[in-house]
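Chains as they are written, first to last, in the working numbering: chain A, 685 to 871; chain B, 114 to 164.
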């Protein structure tokens, strides 16, 4: 049973941020398939961090806005930021090479760091809006459908990443610099 | 390992979708702990630090 306890504007902001993260994860997957840019272990951990952010927003939409859900978003965004920063540090010294091609002048892991910091700032601001925690039950069929759609989108994206991770790494540790899918090239 | 993380994450999302909030959050906490452990392992193995 759905019990929305949120005001519309905060709910819309949650949906906007969740949609942005989903678009970003989808683009990362499209780049992986089209340009054959296989994700490294740190890239996969960054994706897991972003899925954690999406999970926090999904909880907000499913069970109503709560500070504990925003805490999940914040800890996931911080985790993603740390992993991205680690990858930036690996390549920050001139001549140490890069991973993947740049997009709009920055590499994907740099974009990850920028986006995760933006999520931290945005979520901290959202967390401080007290009126969203007031109990105001107004269940709306359209919001339910939208929430179900977002759940389906997140589930499909996790499933595709799960299959991709199995194809790329099998059940072993992922290689640091993958060049092909392990299950396609067994020799 | 990555596949396991994605699998647990999928399970957490499905639990939340089906309406069980607390188990979904517990499942996600396990994912987060494993992800932090995997990240720590990655960092220490690259820096050759034994902890």
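For glycine and all other residues, C-beta sits at the position ideal for the given N, C-alpha and C.
Under the DSSP assignment, residue 798 of chain A falls in the alpha helix (DSSP H) whose first and last residues are 792 to 811. With 16 or more neighbouring CB atoms inside 10 Å of its own CB, residue 152 of chain B falls in the buried class. Identification of chain B residues near residue 845 of chain A by a Cβ-Cβ cut-off of 7 Å yields 119, ordered along the chain. Taking C-beta separations shorter than 7 Å and ignoring five residues to either side along the sequence, the partners of residue 136 of chain B in its chain run 128, following chain order. Nearest neighbour of residue 725 of chain A by Cα position, chosen from A:744, A:793 and A:825, turns out to be A:793. For the pair residue 124 of chain B and residue 131 of chain B, the Cα-to-Cα distance works out to about 11 Å.
Residue 756 of chain A is positioned such that its CB atom lies closer than 8 Å to that of residue 740 of chain A. According to the DSSP secondary-structure assignment, residue 787 of chain A is paired through a beta bridge with A:790. For a cut-off of 8 Å, the C-beta gap from residue 835 of chain A to residue 742 of chain A is around 6 Å, short enough to register as a contact. At the C-beta level, residue 842 of chain A and residue 735 of chain A come within 8 Å of one another. Residues of the segment 131 to 157 of chain B with a Cβ closer than 8 Å to any Cβ of chain A, in chain order: 132, 134, 137, 138, 141, 144, 145, 148, 149, 151, 152, 155 and 156. Not one beta carbon of chain B lies nearer than 8 Å to the beta carbon of residue 765 of chain A. Within 10 angstroms of the beta-carbon of residue 717 of chain A lie fewer than 16 other beta-carbons, which makes it exposed. When Cβ-Cβ separations below 8 Å define contact, residue 122 of chain B makes contact with chain A.
For the segment 732 to 754 of chain A, the set of residues with a beta-carbon nearer than 8 Å to any beta-carbon of chain B comprises 732, 733, 735, 736, 739, 742, 743, 746, 747 and 752, in chain order.
Across the segment 766 to 780 of chain A, CB contacts with chain B closer than 9 Å involve 766, 767, 770 and 774, in sequence order along the chain. Contact between residue 799 of chain A and residue 708 of chain A holds, since their C-beta atoms are separated by about 7 Å, short of 8 Å.
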